[in-house]
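Visitor:
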Amino acid sequence: MRTPNDVAMPPITLISGFLGSGKTTLLRRLLTRADRRIGVIVNEFGAIGIDGALLAQSGAGQLIELSGGCVCCVAGSDLLLAIETLIDSGPLDALAIETSGLAEPGAIVRQLRAASVPLDALVTLVAATDFERVLAATPLASRQIQLADLIVLTHSDLADAQTIQRVTAHVRSLNQRAPIVPAAHGNISPDLIFSPRSDGRLPEELPHQHTEFHTLSWQADQPLQRSTLEQTLRNLATQGLFRAKGIVYCTDSPWADEVHLVAGRLRLSALRLAQRPMPLCRLVLIGHEEALAGASVALNGCIDSAERIAHWRERCAEVE
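End of the sequence shown = 633 in my numbering, gap-free, step of one.
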């Protein structure tokens with residue numbers, strides 16, 4: 314792989330983990346706490362990039378977003394180009410690659426190795442609250458754990474001690490060598506994530522397919538009715554929607570909301586954006602095909618009435 318003669322290759326950390334395990338939350342917290350210049354590559358399975366906008370607000374030194382497929386297969390060559398671009402942009406103390414939740418990390422490690430790109434560490438996030446459901450959904454989750462140099466047990470504040478103990482034991486049975494560190498809200502020391510530790514071992518490759526999951530990207534340039542949106546997403550979750558994330562505006566607030574749905578758990582949290590995005594609302598949905606079949610129509614039905622939208626725009630103009 315080509316690198317500038319006067320720029321050293323920064324340590325590269327691969328951040329893996331299944332859908333909704335908290336990868337972006339972890340990175341956002343690391344970027345606000347780390348006393349180093351960190352370049353970030355974000356890979357989105359869907360066609361619309363969501364995580365990049367959130368990470369940019371958290372202070373990524375340089376950021377490149379790769380959307381529309383996993384870097385382990387469809388967007389593989391784009392990953393190497395992105396690494397070169399970040400290195401060319403100036404000196405970095407570290408480089409973090411946030412993979413899609415559906416990425417098979419072994420394939421990415423092989424890409425980096427073939428291009429003579431050294432990997433500092435492979436960090437896998439495991440959500441304590443959704444562990445059994447995730448393992449039942451796909452063998453990919455086990456693979457992500459097996460390859461890890463460090464395992465971060467996320468959502469540990471939402472699980473009881475018995476669940477934490479059971480999940481930890483199961484994770485340890487899949488990977489005997491990686492340290493397991495609990496974390497809530499992405500609160501973990503940057504030194505744990507950006508420290509050399511990879512031993513270079515790579516178990517036999519697992520056939521990688523995305524066929525059990527499908528993605529839908531939805532956009533609207535009008536604000537939504539919050540209660541209708543919440544009920545719609547919960548209904549879709551019962552039909553096989555596993556993950557939803559995005560940025561929306563609702564008519565009861567002049568500020569944006571960050572939307573996260575994971576395994577039936579829905580959270581909308583206020584988000585102060587420096588600039589209002591275009592289009593106004595963007596969501597990426599990942600789940601079984603039957604759950605996504607009528608999702609666009611259902612989400613279109615969340616757009617609020619013309620009267621309430623007019624009042625909302627008046628209030629927003631006053632705030633601005």
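Beta carbons: idealized from backbone N, C-alpha and C, even for Gly.
What do you reckon, are the CB atoms on residue 491 and residue 469 nearer than 8 Å?
Guide: no
Visitor: Using only the alpha-carbon positions, how far apart do residue 563 and residue 425 sit?
Guide: C-alpha separation (whole angstroms): 42 Å.
Visitor: Which word fits residue 443, buried or exposed, when buried means at least 16 other C-beta atoms lie within 10 angstroms of its C-beta?
Guide: buried
Visitor: So residue 438 and residue 529 are in contact, right, with Cβ under 8 Å, and what is the actual spacing, rounded?
Guide: At roughly 24 Å, the Cβ-Cβ gap does not stay under 8 Å, so residue 438 and residue 529 are not in contact.
Visitor: For residue 543, decide whether its Cβ has a neighbour in chain C, counting only Cβ atoms nearer than 8 Å.
Guide: Here chain C cannot be found, since the structure has a single protein chain.
Visitor: How do the region 410-425 and the region 321-334 stand: do at least 3 beta-carbon pairs fall below 8 Å, yes or no?
Guide: At 8 Å Cβ cutoff, the stretches touch.
Visitor: By the three-class DSSP mapping on this structure, what secondary structure does residue 568 have?
Guide: Residue 568: coil per DSSP, three-state reduction.
Visitor: Quick one: is the Cβ of residue 619 within less than 7 Å of any heavy atom of the ligand ATP?
Guide: Absence of the ligand ATP from the depicted structure is noted, as is the absence of any ligand whatsoever, leaving it without description.
Visitor: Among all the DSSP beta bridges, which residues are the ones paired with residue 376?
Guide: Listed as beta-bridge partners of residue 376 by DSSP are 353.
Visitor: Could you name the residues that DSSP lists as bridge partners for residue 495?
Guide: 466
Visitor: Tell me residue 528's beta-bridge partners as DSSP assigns them.
Guide: 599
Visitor: For the beta strand (DSSP E) holding residue 330, just list the boundary residues, first then last.
Guide: 325-330
Visitor: Can you tell me whether residue 499 is buried or exposed? The criterion is at least 16 other CB atoms within 10 Å of its CB, across all chains shown.
Guide: buried
Visitor: Taking residue 507 as part of the alpha helix (DSSP H), name the residues at either end of that continuous run.
Guide: That residue, residue 507, is in no alpha helix (DSSP H); it is neither H nor E in DSSP.
Visitor: Identify the residues that DSSP records as bridge partners of residue 573: which are they?
Guide: 558, 580
Visitor: Which partner residues of residue 434 appear in the DSSP bridge assignment?
Guide: 326
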